[in-house]
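Peer 1: Numbering (the numbering used here), first residue to last: 1179 to 1563.
Before anything else, here's the structure in question.
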């Protein structure tokens, strides 16, 4: 008997989340919800991306982007929030952009967004632009430079290869400037490693020590059952999906492709990531909800970045079908995105887990931070159909 069907025979099944048998029916056999389709995902991606990309392309991001944050944190967050928004957004939409343009409506739109994002890359790293971003003042820029580097890796052929040499040099100089920032002894080690991995991929001088140290420490911090510690200790939150496993996988992947690491190391990390993806999928209830555990809850459906990445890699375990994951993630994403107050009257994301809930934002959360939700849309990097 199928495990899900077996569990569904018992009353307790209603509280077991995605392991109930009815979930398979809801997700795979009754796909009638208009939000459970690619078109909805693309529309939502545009809605999230447009305020950031359009304003930045016009060199008006600093002028027009709000800086919502905890009272008293305004002066510090306004220095970093713009790179947060752009870096995290690019990390999320780049797999979709990497598909390139074609003659379909979606493909034509994709071509427009590719050009728009390239323009934004030029503006954000141009020292003479009013929207030149802060890559080195304080510690936060290391985080979001790493997200930007991750996005460039994910969208390499569309976002990096075609750039002119001036823009490439500006990007490299901006990313290099983060080397003065000392990462915390935690998942932050991966931020330095991600930037160096991009340099390796792009053929620039890179620091193998920053990469090797980050990988070794995270392998050391592995706790078991698909979960790494955030540093030496376990933290019950979603940082295994926000940062740790998506970055660790792609860092090791670059090393393997460059002949600097063994395939066995990658396969070990992938096996663990697949296990954690199973855990994430099972946390989604039949109603499209999941438990609000730990910190950084305003990242919303960015919680499911790793699940989407494993789907993007076509590495889902055999007992989880792609349709099942699509429907589960669609349910979560639409429920959160459509909650009243998720966007302000000008289209910017607001602080909250479900709708506008500014009180749940930690001291490091501001408007730009919220765009990590875009990483929940990674499966758009799969071709239509």
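Backbone N, C-alpha and C define an ideal beta-carbon position, used for all residues, glycine too.
Please read all numbers here as calculations on a predicted model, not as lab measurements.
(1) Run through the region 1333-1385 for me and flag every whole alpha helix (DSSP H) of 4 or more residues, listed as ranges in chain order.
(2) Give the DSSP bridge partners of residue 1313, in chain order.
(3) Following the continuous alpha helix (DSSP H) through residue 1147, name the residue where it begins and the one where it ends.
(4) Do the CB positions of residue 1510 and residue 1472 come within less than 7 Å of each other?
(5) Verify whether the separation of the beta carbon atoms of residue 1430 and residue 1440 is less than 7 Å.
(6) Does DSSP put residue 1543 in a helix, a strand or coil?
(7) Which term fits residue 1242, buried or exposed, when burial requires 16 or more other beta carbons within 10 angstroms of its beta carbon?
(8) Does the distance from the C-beta atom of residue 1525 to that of residue 1244 stay below 7 Å?
(9) Could you check whether residue 1320 and residue 1268 sit closer than 7 Å to each other, using their CB atoms as the reference points?
(10) Could you spell out where the alpha helix (DSSP H) holding residue 1444 opens and where it closes?
(11) Across which residues does DSSP place residue 1432 in a beta bridge pair?
(12) For residue 1405, which beta-bridge partners are listed by DSSP?
(13) Using the rule of at least 16 other Cβ atoms within 10 Å of the residue's Cβ for burial, across every protein chain shown, is residue 1291 buried or exposed?
(14) Could you please give the first and the last residue of the uninterrupted alpha helix (DSSP H) stretch that includes residue 1300?
(15) Only counting the same chain, and skipping five residues up and downstream in sequence, which positions put a Cβ closer than 7 Å to that of residue 1564?
(16) Excluding the five sequence neighbours on either side, which residues of its own chain have a C-beta within less than 6 Å of the C-beta of residue 1251, listed in chain order?
(17) Does residue 1412 pass the burial test, meaning 16 or more other C-beta atoms within 10 Å, or should it be called exposed?
(18) Beta carbon of residue 1552, beta carbon of residue 1271: below 7 Å?
(19) Relative to the C-alpha of residue 1259, which candidate in 1556, 1548, 1562, 1557 has its C-alpha closest?
Peer 2: In brief:
(1) 1343-1354, 1367-1380
(2) Per DSSP, none; premise fails for residue 1313.
(3) In the structure as shown, the chain begins at 1179 and stops at 1563. Residue 1147 is therefore absent and cannot be evaluated.
(4) no
(5) No, the Cβ-Cβ distance between residue 1430 and residue 1440 is not below 7 Å.
(6) coil
(7) Here residue 1242 is exposed. Its C-beta has fewer than 16 other C-beta atoms within 10 Å.
(8) Remark: C-beta atoms of residue 1525 and residue 1244 do not approach each other more closely than 7 Å.
(9) no
(10) 1441-1461
(11) For residue 1432, which the question treats as bridged, DSSP gives no partner whatsoever.
(12) BP columns for residue 1405 point to 1402.
(13) So residue 1291 ends up on the buried side.
(14) It spans 1283-1302 - the alpha helix (DSSP H) in which residue 1300 sits, taken as one unbroken run.
(15) Only positions 1179 to 1563 of the chain appear in this structure, which leaves residue 1564 out of reach.
(16) So the qualifying residues of the chain are 1541.
(17) exposed
(18) yes
(19) 1548
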